[in-house]
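One point on numbering: in the numbering used here, the residue at position 226 of the sequence shown is 222, and numbering is uninterrupted.
Yeah, the Cβ is synthetic: ideal placement off N, Cα and C, and Gly gets one too.
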Amino acid sequence: MNLERRDFLKVLSVGALTAGNVTSVFAGIRKTLSADAVGILYDGTICIGCKACEAACKQYNDMPPESANLEKATGVDGIWDESYDLSEKTLNKIKLYEHGDASTRNREENGFAFVKKACMHCVDPDCVSACPVTALTKNSTTGIVEYDKDACIGCRYCMVACPYNVPKFEYAKAIPEITKCEMCNHRQAEGDIPACCEFCPTGASLFGNVTDLLEEARKRVKLVAGSTYEYPMRSLDEGDLTPKTVAPYINYIYGEKEGGGTQYLLLSAIPFTKLGLPELSATSSASKSEGIQHGIYKGMVAPIALLGGLLYGAYQTTKNSEG
Ligand code: SF4
Ligand code: SF4
Ligand code: SF4
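Next up, the structure:
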């Protein structure tokens, strides 16, 4: 028998140490963003519902118009696009909140307001965690959740996993893909900002560094209704400001904590629960499921020790029989 007792114990201790490392690496899991992570701040209080962001999104992402009657839509009686919600052809959607006589903008009772729907670019994305083939990945610099159509096997786990119901599947295509907003990363690669922010006439869709956007959002929720504030247009970096009268903000930044946080942040004068946004805990489902996996790894320390004991017993028996 060539296996010496010392060598055996070394193997055993390395095994135990490896198991310990797996546990410690994952035990303190807390997803953080790079300092260069980018995002979008959508301020519903200054959105006028013009949908220029939707049209620009379609144009710069080669998305076709949606219409139940496309023939009519191309004629003078039709409308160009009549998408109702996010779909495989619509990556960015403005929705309307209405109550009572809907007479006053940014008011919950007898009022109306707008809210924008798109991929939230979660800090710890459930879609990425669910994808079995890493077709969805989180860019380590920008934090953008990116999609690789060549890696995708069409299982649609991402659709089930996303708490915001964002990824859509091209059911009608022979070779379908998943579609969702990728924050115009192709435009950003050319030095441009996302189309929805570039073409927003009010600054309601604002691009920037996530940390800076969060700071801007924190400033806005403290503003006094009726006062005047210099709202940045298009991108925080541009420094182009437009004065506007401040609406009564809800003192809450949606996306700051939801599901572990998102890079798309929202402000509103209407409670977010009324705008169709889910109430989520501050922990992502991805980290919860990883916690379970890590618990399993942690639980493996005892079986490894037991296995070690059995192997050592076998080694002793073999040694005694050889001796
Ligand atoms: S909103 Fe959905 S699709 Fe977008 S990153 Fe989060 S989990 Fe993924
Ligand atoms: S459909 Fe594609 S992107 Fe979505 S989980 Fe499956 S392989 Fe990943
Ligand atoms: S372009 Fe701007 S103002 Fe117009 S609907 Fe979109 S976010 Fe609102």
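Reference residue i; option with closest CA among the options
{"i": "Gly107", "options": "Glu275, Ile266, Ile36 and Ser283", "result": "Ile266"}
{"i": "Pro159", "options": "Cys115, Gln259 and Asp208", "result": "Cys115"}
{"i": "Asp120", "options": "Thr28, Pro244 and Gly199", "result": "Thr28"}
{"i": "Ala64", "options": "Leu87, Ile75, Met229 and Lys54", "result": "Ile75"}
{"i": "His117", "options": "Cys180, Ala52, Ala98 and Asn57", "result": "Cys180"}
{"i": "Ala200", "options": "Val156, Pro172 and Ala213", "result": "Ala213"}
{"i": "Ala221", "options": "Leu202, His182, Ser264 and Asn57", "result": "Ser264"}
{"i": "Ala52", "options": "Asp233, Cys193, Ser99 and Ile44", "result": "Cys193"}
{"i": "Ala33", "options": "Asn135, Met59, Asn88 and Ser99", "result": "Asn135"}
Expected contact under 8 angstroms - CB spacing of residue i and residue j to nearest Å
{"i": "Gly272", "j": "Lys91", "result": "7 angstroms"}
{"i": "Gly139", "j": "Ser283", "result": "Rounded, the Cβ-Cβ distance is 16 angstroms, inconsistent with contact."}
{"i": "Ile174", "j": "Pro163", "result": "5 angstroms"}
{"i": "Gly40", "j": "Phe110", "result": "5 angstroms"}
{"i": "Tyr248", "j": "Leu261", "result": "Actually they do not touch by this definition, with Cβ atoms about 11 angstroms apart."}
Coil, strand or helix - residue i by DSSP
{"i": "Cys118", "result": "strand"}
{"i": "Val124", "result": "helix"}
{"i": "Gly255", "result": "helix"}
{"i": "Ser99", "result": "coil"}
{"i": "Gly40", "result": "helix"}
{"i": "Tyr321", "result": "The requested residue 321 does not occur in the structure, where the chain is confined to residues -3 to 319."}
{"i": "Phe380", "result": "For the chain, the structure presents residues -3 to 319; residue 380 sits outside this window and is missing."}
{"i": "Asn(-2)", "result": "The predicted position of Asn(-2) is uncertain, since its pLDDT is 39 and thus under 50; no value can be drawn from it."}
{"i": "Arg26", "result": "For Arg26, the predicted model reports a pLDDT of 45, less than 50, meaning its position is unreliable; a value from the coordinates is still stated below. Here Arg26 sits in coil by DSSP."}
{"i": "Phe203", "result": "strand"}
{"i": "Leu261", "result": "strand"}
{"i": "Thr279", "result": "coil"}
{"i": "Thr198", "result": "coil"}
{"i": "Lys113", "result": "strand"}
{"i": "Tyr248", "result": "coil"}
{"i": "Val18", "result": "Bear in mind that a pLDDT of 28 at Val18, under 50, signals an unreliable position, so the model cannot answer this."}
{"i": "Lys218", "result": "coil"}
{"i": "Lys270", "result": "helix"}
{"i": "Glu50", "result": "helix"}
{"i": "Met179", "result": "coil"}
{"i": "Cys151", "result": "coil"}
Bridge partner(s) assigned by DSSP for residue i
{"i": "Thr224", "result": "Thr241"}
{"i": "Glu142", "result": "Thr133"}
{"i": "Glu94", "result": "Phe108"}
{"i": "Ile174", "result": "Phe165"}
{"i": "Gly35", "result": "Gly204"}
{"i": "Lys89", "result": "Lys113"}
{"i": "Ser231", "result": "Phe203"}
Neighbourhood of residue i by C-beta distance below 8 angstroms, restricted to the same chain and skipping five residues each side
{"i": "Thr269", "result": "Glu275"}
{"i": "Leu219", "result": "Tyr225, Val242 and Tyr245"}
{"i": "Leu237", "result": "Glu226, Tyr227, Pro228 and Met229"}
Residues of its chain near residue i, where Cβ-Cβ distance is below 6 angstroms and the 5 sequence neighbours each way are ignored
{"i": "Val129", "result": "Ala147 and Ile149"}
{"i": "Pro61", "result": "Trp76 and Asp77"}
{"i": "Lys112", "result": "Tyr38 and Ile90"}
{"i": "Ser281", "result": "Asp122"}
Contacting residues, own chain, Cβ-Cβ under 7 angstroms from residue i (five flanking each side not counted)
{"i": "Tyr143", "result": "Ala131, Leu132, Ile174, Lys176 and Glu178"}
{"i": "Pro197", "result": "Cys46 and Ala48"}
{"i": "Asp154", "result": "Just to set this straight, residue 154 is Cys in the shown sequence, not Asp. Cβ within range, chain order: Cys123, Ala126, Cys127, Leu132, Pro163 and Ile174."}
{"i": "Arg101", "result": "Gly107, Phe108 and Ala109"}
{"i": "Arg152", "result": "Phe165"}
{"i": "Ile292", "result": "With a pLDDT of only 43 at Ile292, under 50, the local geometry of the prediction cannot be trusted, and the value read off the model is given with reservation. Taken in chain order, the list of residues that qualify is empty."}
Distance cut-off 6 angstroms: residue i Cβ against heavy atoms of ligand 5
{"i": "Ser201", "result": "Although ligand 5 was asked about, the structure shown includes only ligand 1, ligand 2 and ligand 3 as ligands."}
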